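Novice:
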Amino acid sequence: MTAIRNRVEKSANAFRSIGEAAAELGLETHVLRYWETKFPRDVKPVKRADGRRLFRPQDIDALRAIQILVHGRGLTLKGAKSLLAEQGLEAVLSGAATLGNGTVGSPARELQQTVAKAFNAEMASSIAPESQERLADALVGLTDLKARLDAMREKRAA
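Positions in the sequence shown are counted from 1; adding 153 to them yields the working numbering.
Structure (structure tokens):
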């Protein structure tokens, strides 16, 4: 018999190794280690004398909440960390956590959305082809600018 067939189903309160936790969440082990460094308040696995990590049920819940925010809702790690600090794990896991809180989004993203809406809107036949080309060029330039800004933000967050 293989080890997989001999594996016993653990209770919900059992501690899990990093491999078991990663398999349960559908993530790689290096992701769990990285999130452990970025979310020290929420993810604090017990470390054995030999250095192996054992994830408690509350650690698994925290990792699941981070996964929901980062992979499910598309937040950055910094955004996920602030949302967890503001609203807590329970709100995220229950689906009650709200994004935005009525704050204004980034000006670059708003400008990009406005230009994209204007570009995709039905254009009147009175708009000259030269103007349409300039709008298309402006949209390409703004999209490139946004990609550069996002890359710089990621570099700063890391």
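Positions of the beta carbon are idealized from the N, C-alpha and C atoms, including for glycine.
Treat the numbers as computed from the prediction; the structure is a model and nothing was measured.
1. Starting from Leu207 and walking both ways along the alpha helix (DSSP H), at which residues does that stretch end?
2. Report all residues from its chain with a CB closer than 6 angstroms to the CB of Asp313; omit the five preceding and five following residues, and keep chain order.
3. Only counting runs of 4 or more residues, tell me where the alpha helix (DSSP H) segments fall wholly within the region 172-238, in order along the chain.
4. Helix, strand or coil for Ala310 per DSSP?
5. If we call anything under 8 angstroms between Cβ atoms a contact, is Ala176 one with Leu185?
6. Which residue or residues does DSSP assign as beta-bridge partners of Arg169?
7. What residue from Ala271, Val268, Lys308 and Lys191 has the CA that sits closest to Ala238's CA?
8. Quick check: the Cα distance between Trp188 and Arg217, rounded to an integer number of angstroms?
9. Classify Gly248: buried if its beta carbon has 16 or more other beta carbons within 10 angstroms, exposed otherwise.
Specialist: Reading from the atomic positions:
1. Per DSSP, Leu207 belongs to no alpha helix (DSSP H); it is in the beta strand (DSSP E), Arg206 to Phe208.
2. With the chain represented from 154 up to 311, any question about residue 313 goes unanswered, as that position is not in the structure.
3. Those alpha helix (DSSP H) runs which fall completely within the region 172-238 and span 4+ residues are 182-191 and 210-220.
4. Residue state, collapsed to three classes: helix.
5. No, the pair does not count as a contact, with Cβ atoms beyond the cut-off.
6. Phe208
7. Lys191
8. Each residue's Cα considered, the two are about 11 angstroms apart.
9. exposed
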